[in-house]
Amino acid sequence: MNDMSDIPQDLLTQSIAGRRLDNKCIILTGAAGSIGSFITRQLLREGARVMLTGRDQGKLDDFMSDLVSEGFEETFMVSATGDCADPEVCREIVAKTVAAFGPIDVLVNNAGAAGPKFTLRDIPFTEAEQRAADSDQTMFDSAMNLLGAPWNMARAAAPHMSAGASIINVSTIFSRTHYYGRIPYVVPKSGLNALGKGLALELGEKQGIRVNTLFPGPIESERIESVFARMDELQGVEPGSTGKEFRDLMITTRTSDGGLEYKYPTPTDVASGIVWLASDESSALSGHHIEVTNGMQVPAQSRSQLVSWPDKRLEDLSGQVVLILGGDDYQEAVTFAERQIQSGARVMLAFRNLNTVGHARSLVQSRNLGDVQLSHLDPLRRESVDRSMQLIADHFGRLDGVILLPQKPNGEYGYSLTTANDEDVANFVRDEVVAPVAFASSFARNMDQLFAEGEPPAIVYVTNPSDRHGNLMNEIIRASVEALIRGWRHEDETLANTGELPWAVQPNQMVRYDTEDKEALTFAADWAATLTNRVRKMDSINLWLPRSIKRSTGKSSMPSSISRVLPGLHKGRTAVITGGSLGIGLQLGRFLAIAGARVLLSARSEGKLAEARDEIVDELRNIGYPRPESRVTILGGIDVGDPDALDRLHDHAVAELGHVDFLINNAGISGAEEMVVDMTRADWDRTMEANLISNYSLIRKFSPAMKAGGKGSILNVSSYFGGEKYVAVAYPNRADYAVSKAGQRVLAEILSRHLGPEIQINALAPGPVDGARLRGSAEAPGLFDRRGRLVLENKRLNEVHKAILAGMAAGFDADGVMSLASNAVDGIDIDALPKPIARLVLKIRDSGGMGNSSQYLMHMGIAAKLMTRLVRAGILSDEQREQFL
Numbered sequence: 017m018n019d020m021s022d023i024p025q026d027l028l029t030q031s032i033a034g035r036r037l038d039n040k041c042i043i044l045t046g047a048a049g050s051i052g053s054f055i056t057r058q059l060l061r062e063g064a065r066v067m068l069t070g071r072d073q074g075k076l077d078d079f080m081s082d083l084v085s086e087g088f089e090e091t092f093m094v095s096a097t098g099d100c101a102d103p104e105v106c107r108e109i110v111a112k113t114v115a116a117f118g119p120i121d122v123l124v125n126n127a128g129a130a131g132p133k134f135t136l137r138d139i140p141f142t143e144a145e146q147r148a149a150d151s152d153q154t155m156f157d158s159a160m161n162l163l164g165a166p167w168n169m170a171r172a173a174a175p176h177m178s179a180g181a182s183i184i185n186v187s188t189i190f191s192r193t194h195y196y197g198r199i200p201y202v203v204p205k206s207g208l209n210a211l212g213k214g215l216a217l218e219l220g221e222k223q224g225i226r227v228n229t230l231f232p233g234p235i236e237s238e239r240i241e242s243v244f245a246r247m248d249e250l251q252g253v254e255p256g257s258t259g260k261e262f263r264d265l266m267i268t269t270r271t272s273d274g275g276l277e278y279k280y281p282t283p284t285d286v287a288s289g290i291v292w293l294a295s296d297e298s299s300a301l302s303g304h305h306i307e308v309t310n311g312m313q314v315p316a317q318s319r320s321q322l323v324s325w326p327d328k329r330l331e332d333l334s335g336q337v338v339l340i341l342g343g344d345d346y347q348e349a350v351t352f353a354e355r356q357i358q359s360g361a362r363v364m365l366a367f368r369n370l371n372t373v374g375h376a377r378s379l380v381q382s383r384n385l386g387d388v389q390l391s392h393l394d395p396l397r398r399e400s401v402d403r404s405m406q407l408i409a410d411h412f413g414r415l416d417g418v419i420l421l422p423q424k425p426n427g428e429y430g431y432s433l434t435t436a437n438d439e440d441v442a443n444f445v446r447d448e449v450v451a452p453v454a455f456a457s458s459f460a461r462n463m464d465q466l467f468a469e470g471e472p473p474a475i476v477y478v479t480n481p482s483d484r485h486g487n488l489m490n491e492i493i494r495a496s497v498e499a500l501i502r503g504w505r506h507e508d509e510t511l512a513n514t515g516e517l518p519w520a521v522q523p524n525q526m527v528r529y530d531t532e533d534k535e536a537l538t539f540a541a542d543w544a545a546t547l548t549n550r551v552r553k554m555d556s557i558n559l560w561l562p563r564s565i566k567r568s569t570g571k572s573s574m575p576s577s578i579s580r581v582l583p584g585l586h587k588g589r590t591a592v593i594t595g596g597s598l599g600i601g602l603q604l605g606r607f608l609a610i611a612g613a614r615v616l617l618s619a620r621s622e623g624k625l626a627e628a629r630d631e632i633v634d635e636l637r638n639i640g641y642p643r644p645e646s647r648v649t650i651l652g653g654i655d656v657g658d659p660d661a662l663d664r665l666h667d668h669a670v671a672e673l674g675h676v677d678f679l680i681n682n683a684g685i686s687g688a689e690e691m692v693v694d695m696t697r698a699d700w701d702r703t704m705e706a707n708l709i710s711n712y713s714l715i716r717k718f719s720p721a722m723k724a725g726g727k728g729s730i731l732n733v734s735s736y737f738g739g740e741k742y743v744a745v746a747y748p749n750r751a752d753y754a755v756s757k758a759g760q761r762v763l764a765e766i767l768s769r770h771l772g773p774e775i776q777i778n779a780l781a782p783g784p785v786d787g788a789r790l791r792g793s794a795e796a797p798g799l800f801d802r803r804g805r806l807v808l809e810n811k812r813l814n815e816v817h818k819a820i821l822a823g824m825a826a827g828f829d830a831d832g833v834m835s836l837a838s839n840a841v842d843g844i845d846i847d848a849l850p851k852p853i854a855r856l857v858l859k860i861r862d863s864g865g866m867g868n869s870s871q872y873l874m875h876m877g878i879a880a881k882l883m884t885r886l887v888r889a890g891i892l893s894d895e896q897r898e899q900f901l
C-alpha cells in the first residue's frame, strides 16, 4: 500500500481536465494534417497557446477559421508556413512564436510526409528518377522531412526553451517493424527515434529539457486500410493479410458495436498521448519511447551480442570475392580487407573519394596485401555503383561478401546534436542515412542482373567505433541502417517466396561503439570474415561487440593460430619438461599447456622459470582456461648433471602431478666447446652427465609408472649435429656435444623395444633453432658468435702449435719457445726464429686483422691451451708453462 499522507499538497500532481496546458506555449508542426488536427484541438482544449505550422498557408488559414467557428480562442493561435527541412524556416518559426507568446514550453515534431512509396530497387534518389517515377519526393527529401526537420526544429527551439520544457517527436511503430515498400519512410523515422534519445541525454543535462518519442501504431481510418490493401497487392498475398498481421501483434482488444475486438488506435489516442507528454504530469519522463498501439508486441531493437572470438579453423574464403566500401578512415577499411585476405578471399576495396583511394593504395602496398583491386565508388550515384559491380562481374565473375563502413569517422559532424550546424545536419543525413539506402538499392538491382545464380552474398554494415562523447551520431546511423536492413530482408524474402528472386539476402549490422577495447577492430574484422564464410548466419540484425571483449569471450586478445587448433587436445594429461625456461623447452611447455595438459617446467634459473610461467599463464587465460595458474608449475635449481637434482625433480613431479604422461628430456649444455686434444676428462664427463646420462636416469625413474599405467610418452631432444642412424655429421670443436646427442638418439632407439608398446619413446633432432641461445643475450653470446670466435681461436692455436713443432724439428728448443712469451709481433726477433715460426709471425703482422689479432701471436686463452699441449708432449715442464703464462 502506498501511503500518500506524508506528501505535501503542492507536490501532488493534479490532473484538471481542460486546463492541463494552461498558457503553455507550444509549437506544433504539421498542425492541420490528419493527426495534427486532432492534436491541435486537444492542445487548445487544454488551454495551450499554439503555433500551428505547415507548408500550405491557405490550408492553415482554413483550419484556423474552422477552429474559431468551433469556439476556440483566436488569440491562442498563430501560424507559420515553410518546409522545416530548411533550418532558416525553423528559426523564423521559433522567432515568430517567441514574439507572439514568449518562451517555448513544448515543441511537438509531428509533421512528416509518407515519403516515396517504392520498394528498395525502385526508390528515386535524384530529381530525374523522381520525375520518372512520378514521385513527390526523393529519398533525401523524405529523410530531411522526417529526420532533418525535427532535428532542425529542436536546434532552433532549444535556446528559447526553459527548464522543464518538453520536446515530443512523433515517430511510428513501423520504424520497428517491416513495412513493405516503405523504406524511405521507416529509415528516417528510425533515425528520429535515436535522435530523440540523444536530445534527451544532451538537453536534459544542459537545460533540464525533457525529450520523449511517441510511436503511433496503424491509425483507424480509411487511409490505413487502403495502404494495407496496396501492400497486400505488392506482396501478392490474400487481401487483408497485412492488416491481420499487425492486428495479431496487439494484446489489447477494444469495445465496438459487436463487443470486444482488435482495432487500430484512433487519432484521439495519439493526441491524448501528446497532451500528457506536454503536461506537467509527465515531468519525470525523458528519453522514453511511448507506444500508442493497443499493445503491439514489437521489440525495440533486433540485436545480439558477439560473445566469442570467431573460430578461424574452418574458415576458408579461398576463391571468394569481397567488396569493401570504406569511408574516409581508410586504415580501418584496409584492416577489414586484410582479415578477409588472410582467410583466402580476393578483395575489391572501394572508397567514396579519389584521394582516399590513393592513401589506401599506399597502405595496401606497405602491408604487402597482394593484388587488392582499388576503386572509386559513390553510393549516391547509380552509375558509379553499376560500374563497380560490372567490374567485379568482369574481373572476378562472382561476389560473396560486402562490407560497408560509414562515410565519415567520428567527429566529422561534431559530437553535439543541438550545436551541429546546418551544413553538418544536411551532410549527415545525405551521407550516413541516405547513402546506405542508395547503395543497397543499386546493389540489389545489380545482383539481380549479374549474380542471380548461387547463394546470396553476406552483407555487413559496420558502425564507427566509440566516439567517447556519448555516440549520439553513431546511434542515429545504427537505428537508420537497422530499419533499412529490416525492410530489405522483408522485401527480398517476399520476392523469393513469389519466385521473383532466386534467394533473399540477410544483411547484418556490426555495432562497434559500445566498446573501447583495444582489440575491437580486429574482433570486428574477424567476425566480418566469419560472416563472409556464410556458414554462420545471424538472424538478429544488430550484432553488438561486447563492452569488454575479455570478460565476454574469456580472452583478452585474438588467439594465435596455434591457440585455436591445440586447445583440448591433451586435456587431463600431464607433462614434465627439463630445460623449460627458454627455447625449445619453453615452447613445448607452452604448446602442451595450450593443448590442455598440466605442465611442470624445470630448469636451473628460478627467475627465468617464473617469467616463462607467467607468459604461458597469460596465454591460457586469454584462451579461456579456468584457473590457469594451476595448470603450469615450476621447479628451479634443477641441474640435470646432478643426480640429486634429478631425484628431487622426480619426487616433486609425482607429488604435484601424480601420474606423468609426458617426459621431455630437453635440458642440456653446450659442452666444453673445445677440440678433443684440448678437452679435459672432467669436461667430457660433465657433458655426458648433463646431456645423456640424465636422460637415462629420468627414464628409469618415470617409465615404470608409465608402463604400469599402460601409456606414456618420452621425448629426448637431441640435435642434428648428433648425426642420424646411417649418417655422421661433422661438428668441429664440439665432439663431446655431438657424442652426447648421438647417444640420446641411440638410447631412444634401443629402449623403444623394451618400453613399448605402452610407452612411446622418440628422439627429436633439430638443427640450429632461432632463439636466445642462437642469437645470444646480454648475459651470453649466441651460438654463431661463439662458434665464430672458437673457429678463429683454434685456427690460430693450431697454426702456432704447428709452427713450433716444425721449428723444433729444425733445432728450435724449449728456450726458443719461451722467447715467444713476449707475444707482440713487432717485438719478436724474426731473424732468431726458425723459418716456420718466422713465416707465421710475418703472416700475422701483415694480415691487417681486426683488433689485436695482427699485433699479437695469441691471447691468454690460446697460450694456456698451447702450453698444456706442449707439457703433455714432454716439450715443456709445468714450471716452464707457469713461467710462460
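The letter at position 270 of the sequence shown is residue 286 when you use the numbering used here, and the numbering goes up by one with no holes. Quick reminder that beta carbons are idealized off the backbone N, C-alpha and C, glycines included.
Option in the options with minimal Cα separation from residue i
| i | options | result |
| --- | --- | --- |
| Ile557 | Arg494, Gln603, Ala536 | Arg494 |
| Ile357 | His375, Asn369, Arg383 | Arg383 |
| Glu622 | Gly595, Arg614, Thr510, Gly430 | Gly595 |
| Ala721 | His666, Ile709, Met691 | His666 |
| Glu672 | Leu602, Val418, Ile639, Arg589 | Arg589 |
| Thr703 | Ser713, Ser686, Asp694, Met489 | Ser686 |
| Thr135 | Arg505, His305, Asp296, Gln223 | Arg505 |
| Val592 | Val692, Ala826, Phe718, Pro481 | Phe718 |
| Asn462 | Pro481, Ser391, Ile408, Asp440 | Ile408 |
| Ala611 | Asp77, Gln146, Leu585, Pro422 | Leu585 |
| Ala451 | Phe467, Asn126, Gln389, Ser400 | Ser400 |
| Arg906 | His875, Gln871, Leu265, Asp829 | Nothing can be reported for residue 906: it is not among the residues displayed for the chain, which extend from 17 to 901. |
| Phe141 | Arg319, Lys587, Asp394, Ile235 | Asp394 |
Nearest-angstrom Cα separation, counted from residue j out to residue i
| i | j | result |
| --- | --- | --- |
| Asp273 | Lys279 | 12 Å |
| Pro315 | Asn209 | 14 Å |
| Glu471 | Trp519 | 7 Å |
| Ala294 | Ser81 | 25 Å |
| Glu690 | Ile777 | 31 Å |
| Arg198 | Asp555 | 21 Å |
| Arg35 | Gly515 | 58 Å |
| Ile650 | Ala628 | 9 Å |
| Ile23 | Leu301 | A caution first: Ile23 carries a pLDDT of 37, below 50, which makes its placement in the model too unreliable to give a value. |
| Ser324 | Gln525 | 17 Å |
| Gln896 | Leu708 | 38 Å |
| Ile475 | Pro422 | 14 Å |
Endpoints, beta strand (DSSP E) assigned at residue i
| i | result |
| --- | --- |
| Ala179 | 177-186 |
| Phe156 | Here Phe156 belongs to no beta strand (DSSP E); instead the alpha helix (DSSP H) covers 155-159. |
| Ile55 | Unbroken run through Ile55 is the alpha helix (DSSP H), 52-61; no beta strand (DSSP E). |
| Ile120 | 120-125 |
| Leu44 | 41-44 |
Distance cut-off 8 Å: residue i Cβ against heavy atoms of the ligand MN
| i | result |
| --- | --- |
| Leu808 | No copy of the ligand MN appears in this structure; indeed no ligand is present at all. |
Opening and closing residue of the alpha helix (DSSP H) in which residue i lies
| i | result |
| --- | --- |
| Ala173 | 165-173 |
| Gly259 | 257-263 |
| Trp700 | 697-704 |
| Val401 | 398-411 |
Residue i, buried or exposed, once every other Cβ within 10 Å from all chains shown has been counted against 16
| i | result |
| --- | --- |
| Ile853 | buried |
| Thr479 | buried |
| Met17 | Residue placement at Met17 cannot be trusted, given a pLDDT of 38 that sits under 50; the coordinates are not used to answer. |
| Leu886 | buried |
Can you confirm whether the segment 802-818 touches the segment 873-882 when touching is taken to mean that 3 or more C-beta pairs between the two stretches lie within less than 8 Å?
Counting Cβ pairs under 8 Å, three or more are found: they touch.
Does the count of Cβ pairs from the segment 152-161 and the segment 116-133 closer than 8 Å reach three?
yes
Three or more C-beta pairs under 8 Å: does that hold for the segment 364-374 against the segment 112-126?
no
contact_flag[the segment 836-848, the segment 721-736] where n(CB pairs < 8 Å) is 3 or more:
no
Any contact of the segment 37-44 with the segment 55-64, i.e. 3+ C-beta pairs under 8 Å?
yes
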